[in-house]
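Asker:
Have a look at this one:
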């Protein structure tokens, strides 16, 4: 039996990194990469000189810029280094990117220059924020990344100035070269000296009018690794001596284990052990740890095959009879009762009672899966007083913390190694998988890679919540609204994982886009009910807004229609004081060829919302056959995020959000039956495919100034509303329920 | 059971069960992790490889069915990322998270071998079994057209 | 071989006689100067022609998908007599029909003779196009002449003697071509008549769904009995059908326009390009075609018989909790192969049509199911989330035979399929 094992040769434990992490040598492809296939490792094996925690300079001039966010497609491995490089005046071709260390984040407080510059205070962690979410990469990191680049640049200039006996003001830095008069030197030459320079005053960062690199569509640094299979994702991790775990949790979330017959499978090839995962004392839903059984074997297929053959009996739970129909009925019943009040301006009831026209509309949206392309997985290696955890983490310090907690270790002895993420969409910030993998590794006593099947991934998922809403508005004689009452009932993520934050039954996050829309309506009442089930929930690309905008923006169209207004002009009129909303709407009007006068079966519809500081409006053009066949022909988006770091990547984010939103709007949903998730793979969980892809046009409508809005999520919420409104104009039918596939759209 | 597999022109003797999915043998036993696991039921395309030049979903191909055939994975498409599809993919910065892209490129390569100059319709039809949750479909279309152009030069 | 020899002799004789009588009948028609279609024709007439060309599926044959040059021809048509390559019908002066007058076009369409007076092979269904009205013929001409000219010369036909002698077709026409024009049937509704006109005339449905005689002509007495074409079985559309649930007008509309119906499944193989053409066409005409096709099957099964088949389908659908098992080791091998691949989607609670209801598993020939296993199902335009991956490279020939045997036994009570090994081997060889 001669196993030609290439992998064995590939994996040589080479050295400990600066952070003490285990480093695995990988044979890189011959081409020059701008980053390593293992992004948690330094891209070169040369000793770099760190100038500050964000960047190190190698003797050959290579500048490694560390990235605090996780690369899950949104382009942070390019956009974040661009921000540092903008200030550093480095030759972009010499820039390489690597992840910042999550362990270092825990151990080190803000650096002196950060405090001196007034960017961070002494209690902040050195990398300030490492989680990736809330569309916050550029929005919330830009200033301290600019500062890191600017401060390093000035230190390099100062080091050169001292060596050359000139004033720092007489030294210029450009493309990695320092010069003064006829003297020149490279960044590399002065890196060591620069690292010890103290500046009297930290430099002021550039304003957008001074940018050179920012605003350019620089090529992504991770692309070369993603066209030849070399980019490493969590699921690709291989450690010497590693074994594999296949896991099955009670399909009714958090249900217990009655019994299982390990003896039945212990003789199967490669099977090593059966592990039971039981939440410990005091571990509640917040831990995310579900009762489960894992089979450990020397290959994943053997572990999985044995798991399939092992008799398991799950405990009965009080939730075994829960189904979506009842959950919706319960939530809809709540809409008939006054709820916890979030907004109460003026006399809404009175205004509606005295209105010329009253408009009402009910809507609903189901649980929704993330369905990241990379199924959940995690690899944990525990040695004496140290644990290494490898995976696709959206929140590496959080992964460290849960592993430490599960193992009873000090987090500073836990090291996370974040790989590329095969999709995240919020799901990978929950960190239930490192906890589960740590628990398995603790029992197994050797390095373990835990991989969920797609079915497990979707059945153990922490969903986007379900929600229903009822809107009621009164219109004046001019057809403009005088009162707006919105009531939402749905599953609250906050009540699920941070119940202490819920006061008087109020969770404002459930009311995104319903309570904080900018429409000028004099009397407004917004109230809500929390209706949680046993189904675990978590953040999802734009979460609550992804459903609320579908509802609210359809209702805005209903008001426009009842008041005899063009829906786009109606919105313009309600936001006339807002420069950004007006610009986005006018851009849409111009670029989409807006009209409501189209032949039967064809329609244009609009949706608009503001999330994470960015206003996005979209116009959808759809065709519906008489028999109700829906085709999305085109989506035109207008976006105001203030400024752009990398327009090509930014456009990719808008397209990506539209596609993700269309999947959920058209056919994707999670239904519950028998307390379990029904749609557990891509045969039943429908996502948009290339042959359903509309033409997408993105137009920037930038107002600039101080606005720096996020881009990962804001492109998503408007699309479902735009499509639904377009369907109404095409067919006269209004899809009040997501996914739209449930509404019969036949007409004529 | 010792089976001999030819992957990217190299012969490997692997000790696995005959019914093991080819995907996991390629990834775990041979160590070529560019081919990805996505669904296990041939519905997402992340695991697409070529068997004797035809696209196959390796997650639902038993390793025994691939014995004696020539298997190509993303790592074997070209030694240095110079296949027209890889060049086009890079030119257009097609991937986002990148997880599905090995499968997309392998499916596209099978398409180009059937149709050197595919239309948008051909691409939509032939690539419909490959899911991308980042929604890079517009770029995938453009990159396939570009690759056809490069290949024709 | 015997069949072909006999064919040769027959065609030879007929050709001789026919040749004498008919050879001089068709003169060459004068070429015309290139025309500017946008000036020459009304845009509404061109649009009508576009729809009619869609119903006629002209581009399905007159396009080689490998080249991607629409209407420029080059598609190889495998016939028992050799390989024909379709012609370039773009208005290119050199390689297409740019010099053809409307008279020449109309003559070709109705009488199977080209501009030069040369006989065309009846793979081109001029025997159906005789039914086209003058008005529609004009619109078709206007549309074709307004296409972008493509300079492309398709490959030469690969026909043996005597089929390479075009004159022999004079005899064929004498025997099989009815050039009389069509009149609506006053005993039928307008919708039916419209459907007949589109399906039997332009649409030439019979071209695939009616068996042909030794000389490649449709057999009128077996109209719509079903036939093998291009390695696929074009099923019977009349009382010979083996489909489980009767095809109603709406089911046919769903299938013909969208490529999918909830009681019958998804289109595949050579039918998919057809439904993709129909997808965009006027819905009323789709209903008309369906009305006519529905009428081809006058003797419907009783509701009880249909209900029984539906119940049978539900009972036989794969239950992952309780999969079928067979004593016969061959069938059990089929169960296992099915479990690995097919049962991931074709199962209770799945989103596919119950297998026992699909037309393919009930057909007298295994060809279609086999082709689908090899090549998968490409999603039709009107049913974009209905596709199936190809498994030809994932399965051995033996696996495929096992699955086919199992499918026939599990999902039907019909006689076993025959010659599985042969058809699989032939498919593999040309795959």
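Protein chains in written order, with this note's numbering: chain U, 550 to 1297; chain S, 38 to 190; chain L, 148 to 578.
For every residue, glycine included, the Cβ atom is placed at its ideal position computed from N, Cα and C.
Owing to the predicted nature of the structure, the values given are computational and were not obtained by experimental measurement.
Is the Cβ of residue 155 of chain S closer than 8 angstroms to any Cβ of chain L?
Answerer: Residue contact with chain L for residue 155 of chain S: present (Cβ-Cβ distance below 8 angstroms to some residue of chain L).
Asker: What distance in whole Å lies between the Cβ atoms of residue 519 of chain L and residue 535 of chain L, which are believed to be in contact at a cut-off of 8 angstroms?
Answerer: About 7 angstroms; that satisfies the 8 angstroms criterion.
Asker: Answer with yes or no whether the minimum CB distance from residue 492 of chain L to chain S is below 8 angstroms.
Answerer: yes
Asker: Do we get a CB-CB distance below 8 angstroms when we pair residue 1011 of chain U with the residues of chain S?
Answerer: no
Asker: State the beta-bridge partners of residue 93 of chain S as determined by DSSP.
Answerer: S:86
Asker: To the nearest angstrom, how far is it from the Cα of residue 666 of chain U to the Cα of residue 880 of chain U?
Answerer: Each residue's Cα considered, the two are about 51 angstroms apart.
Asker: Please confirm whether residue 984 of chain U and residue 837 of chain U have their CB atoms less than 8 angstroms apart.
Answerer: Taking C-beta atoms as the reference points, residue 984 of chain U and residue 837 of chain U count as a pair closer than 8 angstroms.
Asker: Could you round the C-beta distance between residue 142 of chain S and residue 122 of chain S to whole angstroms and report it? I think they count as a contact, below 8 angstroms.
Answerer: 5 angstroms
Asker: Should the segment 229–245 of chain L be called in touch with the segment 203–211 of chain L, which here means at least 3 C-beta pairs below 8 angstroms?
Answerer: yes
Asker: Pairing CB atoms from the segment 170–187 of chain L with CB atoms from the segment 242–251 of chain L, are three or more of them under 8 angstroms?
Answerer: By the Cβ test, the segment 170–187 of chain L is in contact with the segment 242–251 of chain L, since at least three Cβ pairs between them sit closer than 8 angstroms.
Asker: Can you give me the C-alpha to C-alpha distance between residue 872 of chain U and residue 892 of chain U, rounded to a whole angstrom?
Answerer: 32 angstroms
Asker: Starting from the C-beta of residue 577 of chain U, find all residues in its chain whose C-beta is less than 6 angstroms away, skip the five residues before and the five after it, and write them out in chain order.
Answerer: Because the pLDDT of residue 577 of chain U is 33, which lies under 50, any placement of that residue in the model is unreliable, and the number read from its coordinates should be weighed accordingly. So the list is empty, once near-sequence residues are dropped.
Asker: Which residue comes first and which comes last in the beta strand (DSSP E) that contains residue 927 of chain U?
Answerer: 926–932
Asker: On the DSSP bridge assignment, give the partners of residue 43 of chain S in chain order.
Answerer: S:48, S:107
Asker: Beta-carbon of residue 817 of chain U versus every beta-carbon of chain L: anything under 8 angstroms?
Answerer: Closer than 8 angstroms: no.
Asker: Have a look at L:351, L:253, L:339 and flag the residue whose alpha-carbon is nearest the alpha-carbon of residue 289 of chain L.
Answerer: Among L:351, L:253, L:339, the Cα nearest to that of residue 289 of chain L belongs to L:253.
Asker: How long is the line joining the alpha carbons of residue 463 of chain L and residue 389 of chain L, rounded to whole angstroms?
Answerer: Approximately 18 angstroms between the Cα atoms of the pair.
Asker: Tell me whether residue 730 of chain U is buried or exposed, calling it buried when 16 or more other Cβ atoms sit within 10 Å of its Cβ.
Answerer: exposed
Asker: Please list, in chain order, the residues of the segment 341–368 of chain L that have any C-beta partner in chain S closer than 9 angstroms.
Answerer: none
Asker: Taking one C-beta from the segment 136–151 of chain S and one from the segment 77–90 of chain S each time, how about it: are there three or more such pairs within less than 8 angstroms?
Answerer: yes
Asker: Which of the three DSSP states, helix, strand or coil, is assigned to residue 965 of chain U?
Answerer: strand
Asker: As an exercise, report each continuous alpha helix (DSSP H) stretch of at least 4 residues that is fully enclosed by the segment 1040–1080 of chain U, in chain order.
Answerer: If we require 4 residues or more, the alpha helix (DSSP H) runs fully inside the segment 1040–1080 of chain U come out as 1042–1046.
Asker: Among S:82, S:112, S:113, S:111, which has the Cα closest to the Cα of residue 98 of chain S?
Answerer: S:82
Asker: So who's on the other strand from residue 606 of chain U, going by DSSP bridges?
Answerer: U:598, U:612
Asker: For the ligand MN, is there any heavy atom lying closer than 7 angstroms to the beta carbon of residue 408 of chain L?
Answerer: The ligand MN is absent from the structure shown, which contains no ligand whatsoever.
Asker: Under 9 angstroms Cβ-Cβ, which residues of chain U neighbour residue 531 of chain L?
Answerer: Under the 9 angstroms cutoff, chain U gives 1180, 1238, 1240, 1241.
Asker: On the DSSP letters alone, give me the boundaries of the alpha helix (DSSP H) that residue 1156 of chain U sits inside.
Answerer: Following the DSSP letters along the chain, one finds residue 1156 of chain U in no alpha helix (DSSP H) but inside the beta strand (DSSP E) bounded by residues 1151–1160.
Asker: Sort out for me which residues DSSP pairs residue 1034 of chain U with in a bridge.
Answerer: U:1021, U:1074
Asker: Quick check on residue 247 of chain L: does DSSP put it in helix, strand or coil?
Answerer: Residue 247 of chain L carries a coil assignment under DSSP once its states are collapsed to helix, strand and coil.
Asker: Near residue 1250 of chain U, what residues of its chain come up, given a Cβ to Cβ distance below 6 angstroms and the 5 sequence neighbours on each side ignored?
Answerer: 1132, 1133, 1136, 1187, 1189
Asker: Confirm, please, whether the CB-CB distance from residue 280 of chain L to residue 257 of chain L is below 8 angstroms.
Answerer: no
Asker: Could you tell me which whole alpha helix (DSSP H) segments of length 4 or greater appear in the segment 279–333 of chain L?
Answerer: 281–292, 315–323
Asker: One question on the structure: do residue 869 of chain U and residue 1223 of chain U come within less than 8 angstroms of each other, judged by their Cβ atoms?
Answerer: yes
Asker: Have a look at residue 668 of chain U and residue 936 of chain U and give me their C-alpha separation to the nearest angstrom.
Answerer: C-alpha separation (whole angstroms): 33 angstroms.
Asker: Do residue 346 of chain L and residue 244 of chain L come within 8 angstroms of each other at the CB atom, strictly closer than that value?
Answerer: no
Asker: Going by Cα to Cα distance, which pick from U:903, U:1197, U:1008, U:962 is closest to residue 925 of chain U?
Answerer: U:1008
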